[in-house]
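Contents: one structure, followed by commentary.
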């Protein structure tokens, strides 16, 4: 009931449409209950007596009621469908806003296929519940109550005979729902698994082909698809059994009515018109119970879908604005880490009591083996995650006390995994500043050494880059990502191994551009190349989440054994390659 009531709460903005729909439903139900009485009058006053005037009048009345009912049914369907579609619209918007606001830690654990399933299929089930399902339930309740009252008023003894099938049909509907619900839930969950499997294969299509794993992936998909088919077939078998069994029970009731009611007509205790009306009302009684058998499992499935959707909406982001957060004013770029520790999912520290002080305009290179904490440091600065201990300040402002959007507006980032959107090169560069002019976009691309290859593409800046930038090389994607970061003209730059996918000549061009652009900006660079280290004012050498050494390149060669080891293993060969 909690999920149901909460789902119905999304109808509040559309209460006028909903109220109009249910008012129309009340009128159509009343007219439906009136039609058997008109049929009764047609038989008793027109056909039986041979009165053509009464027959024409009764037929005209039935026709008028049918027309009015048709118009009301149209309005009913239109209004309730618009309202339920509005619920789906609002829920999908709420889900998108929530997923956009949730921190990296949530997306690290979530599966994209599961999220897609909830945002599309589960929301559609809630739409059905708030629209047609509850509408049919209300309609069935009205018809069931109204028909039972009319039957009792017409002939109580015949009513008791007619109603004996109702408890049997209700029991079967309940039993059917109890068996059908777990099956539909299993189908729903398996469909989410299937969606996840498909999404992962589409995302990793190049890896699958590179390792010639198409047959293995097809077998895995077939196995999951077979399970979905088996569950769906079991649900279909159970669902196919329901209508004929309900029809059998209903027809048994009709047989008894015709047998006993016919004897009453022949004995003069019941008119033929009353018997016809009685049979018509029996149809109205049977219809709601049959619908109940179908609606209850759908309601159960929709409630389960609502639970999955609200589970996302109720998640509290681990990184969010404080209640008294204020906008971060324009900064100079003085960054300070004070005894900062950090652990992913609050287990196993990847940073342990890290402290350093970066003056405005300095270039900081982060160096260390895999897992030493380099990426964690740059992820903490824009608050992709929050430290588990200590604090980080920018120009003396604790970043947990300022508004996240104002913090990230002053930071330019090029992540290790370059992500481009399936749109034009222009829109990808201007992503952080949609209002940027054409001249500003071109200037950023030139600074990132991307302008020449962009102009060589078929449509220049209007060239579509494909899904995740698949039509571009790794170096081209990185240069567009660098241009995107530089267009923001940030006070703080974060470059996560930003030149790792380019050749030596392109790297020299980018380094020359970065050297000019870093001037006056505080820059953090995860360094894998000697050329990057030579630009740095300060090199932080990390080992197992701690700062093992800090200083300039020449100083560290004299004072840090770890730095010498990294230099000899990784950096000196680069210098020897450049020397010839």
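In this note's numbering, the protein residues as written are 955 to 1534. Heads up, the beta-carbon is just placed ideally off N, CA and C, and yes, glycines get one too. Quick caveat: nothing in here was measured; it's all calculated off a predicted structure.
For residue 1365 versus residue 1335, is the C-beta distance shorter than 8 Å?
What you label residue 1365 is simply residue 411 of the chain shown in a count that begins at 1. What you label residue 1335 is simply residue 381 of the chain shown in a count that begins at 1. For residue 1365 and residue 1335, yes; Cβs fall inside 8 Å.
State yes or no: is the C-beta of residue 1495 within less than 8 Å of the C-beta of residue 1508?
In the chain shown, residue 1495 corresponds to position 541, counting from 1. In the chain shown, residue 1508 corresponds to position 554, counting from 1. No; because the gap between Cβ atoms is not below 8 Å, this pair is not in contact.
Look up residue 1291 in the DSSP assignment and give the residues it is bridged to.
One-based indexing of the chain shown puts residue 1291 at position 337. Paired residue(s): 1310, 1346.
Which residue's Cα is closest to the Cα of residue 1228: 1193, 1034, 998?
Counting from one through the chain shown, the residue named residue 1228 turns up at place 274. When each option's Cα is compared against that of residue 1228, the closest is 998.
What whole-angstrom Cβ distance do residue 1326 and residue 1499 have, given they're in contact under 8 Å?
Here residue 1326 refers to the residue found at position 372 when the chain shown is read from its first residue. Here residue 1499 refers to the residue found at position 545 when the chain shown is read from its first residue. Indeed they touch by this definition, with Cβ atoms about 7 Å apart.
My understanding is that residue 1019 touches residue 992, with C-beta atoms under 8 Å, so please give their C-beta distance in whole angstroms.
Here residue 1019 corresponds to residue number 65 of the chain shown, with the count starting at 1. Here residue 992 corresponds to residue number 38 of the chain shown, with the count starting at 1. Yes, they are in contact, since the Cβ atoms of residue 1019 and residue 992 sit about 7 Å apart, within 8 Å.
Report the partner residues of residue 1549 according to the DSSP bridge assignment.
A query on residue 1549 cannot be resolved here, the shown segment of the chain reaching from 955 to 1534 and no further.
Closer than 8 Å by C-beta to residue 963: which residues in its own chain qualify, once you throw out the five before and the five after it? Chain order, please.
Residue mapping note: residue 963 aligns to position 9 of the chain shown, counting from 1. Answer for residue 963: no residue qualifies.
Report buried or exposed for residue 1033, applying the criterion of at least 16 other Cβ atoms within 10 angstroms of its Cβ.
The residue given as residue 1033 occupies position 79 in the chain shown. With 16 or more other Cβ atoms within 10 Å, it is buried.
On the DSSP bridge assignment, give the partners of residue 1301 in chain order.
Taking the chain shown and counting its residues from 1, one reaches residue 1301 at position 347. DSSP, once it has assigned bridges, lists no residue as partnering residue 1301.
Run through DSSP, which three-state label would residue 1112 get?
Here residue 1112 is taken as the residue at index 158 of the chain shown, counted from 1. If DSSP states are grouped into helix, strand and coil, residue 1112 belongs with the helices.
Can you tell me which residues form a DSSP beta bridge with residue 1500?
Against the chain shown, residue 1500 aligns to sequence position 546. Partner(s): 1497.
Beta carbon of residue 1192, beta carbon of residue 1133: below 8 Å?
Indexing the chain shown from 1 puts residue 1192 at position 238. Indexing the chain shown from 1 puts residue 1133 at position 179. Going by C-beta atoms, residue 1192 is nearer than 8 Å to residue 1133.
Cα-Cα, which of 1294, 1309, 1310 is closest to residue 1303?
Along the chain shown, one-based indexing puts residue 1303 at 349. Of 1294, 1309, 1310, the residue nearest in Cα terms is 1294.
Return no unless some Cβ of chain D is closer than 8 Å to the Cβ of residue 1000.
This model lacks chain D altogether, as it is built from one protein chain only.
Given residue 1407, which residues of its chain have a CB within under 7 Å of its CB, disregarding the five upstream and five downstream residues?
Position 453 of the chain shown, counting from 1, holds the residue named residue 1407. Taken in chain order, the residues that qualify are 1430.
Return the residue from the list 1170, 1355, 1250 that minimises the CA-CA distance to residue 1278.
As a first step, residue 1278 is located in the chain shown; it is residue number 324 there, counting from the start. Closest by alpha carbon: 1355.
Please state whether DSSP places residue 1318 in a helix, a strand or coil.
Mapped onto the chain shown, residue 1318 falls at position 364. In this structure, residue 1318 counts as strand in the three-state DSSP scheme.
Would you check whether the ligand MG has a heavy atom nearer than 7 Å to the C-beta of residue 1112?
As for the ligand MG, it is missing from this structure, which has no ligand bound.
By Cβ distance, which residues of its chain are closer than 8 Å to residue 1241, with the 5 residues on each side in sequence left out?
Numbered from its first residue, the chain shown carries residue 1241 at position 287. These residues qualify, in order along the chain: 1094, 1097.
Nearest to residue 1237 by alpha carbon, out of 1479, 1469, 1102, 1486?
Locating residue 1237 in the chain shown gives position 283, where the first residue counts as 1. Checked all of 1479, 1469, 1102, 1486; the closest Cα to residue 1237 is 1102.
Under 8 Å between the Cβ atoms of residue 1476 and residue 1316?
To locate residue 1476, count along the chain shown from 1; it is residue 522. To locate residue 1316, count along the chain shown from 1; it is residue 362. Yes, the pair counts as a contact, with Cβ atoms nearer than the cut-off.
Please name the residue, chosen from 1108, 1389, 1009, 1435, that lies closest to residue 1371 on a Cα-to-Cα basis.
Position 417 of the chain shown, counted from the start, is the residue given in the question as residue 1371. The option with the nearest alpha carbon to residue 1371 is 1435.
Rounding to the nearest angstrom, what Cα-Cα distance links residue 1307 and residue 1361 in this structure?
What you label residue 1307 is simply residue 353 of the chain shown in a count that begins at 1. What you label residue 1361 is simply residue 407 of the chain shown in a count that begins at 1. Roughly 23 Å between the two C-alpha positions.
Would you tell me roughly how many angstroms separate the C-alpha atoms of residue 1378 and residue 1051, rounded to the nearest one?
Against the chain shown, residue 1378 aligns to sequence position 424. Against the chain shown, residue 1051 aligns to sequence position 97. Spanning the two alpha carbons is a distance of roughly 24 Å.
If you draw a straight line from the alpha carbon of residue 1166 to that of residue 1417, how long is it in whole angstroms?
Counting from one through the chain shown, the residue named residue 1166 turns up at place 212. Counting from one through the chain shown, the residue named residue 1417 turns up at place 463. About 31 Å.
When the Cα atoms are used, what is the spatial distance from residue 918 to residue 1140?
As displayed, the chain neither begins before 955 nor continues past 1534, which places residue 918 out of reach and without an answer.
Buried or exposed, going by whether 16 or more other CB atoms sit within 10 Å of the CB of residue 1532?
Counting from 1 along the chain shown, the entry for residue 1532 is found at position 578. Low per-residue confidence applies at residue 1532: pLDDT is 41, beneath 50, and the placement is therefore not dependable, though the value from the model is reported in the following sentence. Classification of residue 1532: exposed, given that the 10 Å Cβ count is below 16.
Rounded to the nearest angstrom, what separates residue 1405 and residue 1426 at their Cα positions?
The residue you call residue 1405 lines up with position 451 of the chain shown. The residue you call residue 1426 lines up with position 472 of the chain shown. Looking at the two C-alpha atoms, the distance is approximately 14 Å.
With burial defined as no fewer than 16 other Cβ atoms inside 10 Å of the residue's Cβ, what is the status of residue 1161: buried or exposed?
Within the chain shown, the letter at position 207 stands for residue 1161. Residue 1161 comes out exposed.
By Cβ distance below 7 Å, which residues in the same chain neighbour residue 1137 in space, the five residues on each side in sequence not counted?
Indexing the chain shown from 1 puts residue 1137 at position 183. These residues qualify, in order along the chain: 1185, 1188, 1189, 1192.
Should residue 1009 and residue 1000 be called a contact, given that it needs their Cβ atoms to be closer than 8 Å?
In the chain shown, counting from the first residue as 1, residue 1009 sits at position 55. In the chain shown, counting from the first residue as 1, residue 1000 sits at position 46. Against a cut-off of 8 Å, the Cβ pair of residue 1000 and residue 1009 comes out as a contact.
Mind the definition here: the stretch 1082 to 1093 touches the stretch 1111 to 1119 only if three or more C-beta pairs lie below 8 Å; say whether that holds.
Touching, no.
Residue 1181: which of 1216, 1199, 1142 sits nearest, CA to CA?
To locate residue 1181, count along the chain shown from 1; it is residue 227. Checking every option, the nearest Cα to that of residue 1181 belongs to 1142.
What residues are listed by DSSP as bridge partners for residue 1396?
Position 442 of the chain shown, counted from the start, is the residue given in the question as residue 1396. Note: residue 1396 sits in no beta bridge, so no partner.
For residue 967, does the three-state DSSP call read helix, strand or coil?
Here residue 967 refers to the residue found at position 13 of the chain shown. Helix.
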